[in-house]
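Residue numbers (my numbering): 1372 to 1523.
This report concerns only the one structure given below.
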Amino acid sequence: MNLACPNGVHQQLDGLYSWQVQRMDQAVDPIAALASQRDRFTPGLFTLLLEASQLSPTQHGRHLDFDVFSDTQVRTFGAVVAGCSAVDGPSIQAAVDVQAGLRKQASGSPRQLTYHLKLNCTGQWQIKDITYRNEHVFQLRPYLEALVNPMP
1372 MNLACPNGVH
1382 QQLDGLYSWQ
1392 VQRMDQAVDP
1402 IAALASQRDR
1412 FTPGLFTLLL
1422 EASQLSPTQH
1432 GRHLDFDVFS
1442 DTQVRTFGAV
1452 VAGCSAVDGP
1462 SIQAAVDVQA
1472 GLRKQASGSP
1482 RQLTYHLKLN
1492 CTGQWQIKDI
1502 TYRNEHVFQL
1512 RPYLEALVNP
1522 MP
């Protein structure tokens, strides 16, 4: 990622991780908490996130078993937008290094995520997908689609 990110991209991602870190210390309804971030996402991705968050292993036989903003099952301590790269059309990719770990200490290596953002009709950057670049490389949107609408 070799470009400086536009201010709007920084605002979206910095705001998302500010919310993410704050919610680690709060006992709030995860669905209501996610709803407060609706405008950061494209409508399609937000709907998938909401539907996946409502799944339960006992009722549905499946659930979202990791934190989508860190690719972990542990606490998020912060994130840094490392850079951006241009994509065709009104889209951009942003590399984000996420500090996560147990208890009160982040692990040594940041989790590497690539956010795919799209400029909407009002000039706001919105997250349309996330690629996880850690032990297992995968994209969030197809994962959520398969989780929410499993094939028989």
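Virtual Cβ for every residue (Gly too), placed ideally from N, Cα, C.
Per DSSP, reduced to three states, the secondary structure at residue 1398 is coil, with no helix or strand assignment.
DSSP, read as helix, strand or coil, puts residue 1509 in strand. Between residue 1471 and residue 1446, the CB-CB gap stays under 8 Å. For residue 1447, the enclosing beta strand (DSSP E) starts and ends at 1446-1458.
Residue 1389 sits in a helix when the DSSP states are folded into three classes.
Closest in C-alpha terms to residue 1451, from the list 1383, 1514, 1520, comes 1383. Per DSSP, reduced to three states, the secondary structure at residue 1477 is coil, with no helix or strand assignment.
Between residue 1410 and residue 1497, the alpha-carbon positions lie close to 7 Å from each other.
If you compare the alpha carbons of 1491, 1483, 1477 with that of residue 1463, the shortest gap goes to 1491.
Looking from the CA of residue 1509, the closest CA among 1478, 1380, 1439 belongs to 1439. With a beta-carbon spacing of about 6 Å, residue 1388 and residue 1449 fall inside the 8 Å limit used to define contacts. DSSP lists 1446 as the beta-bridge partner residues of residue 1472.
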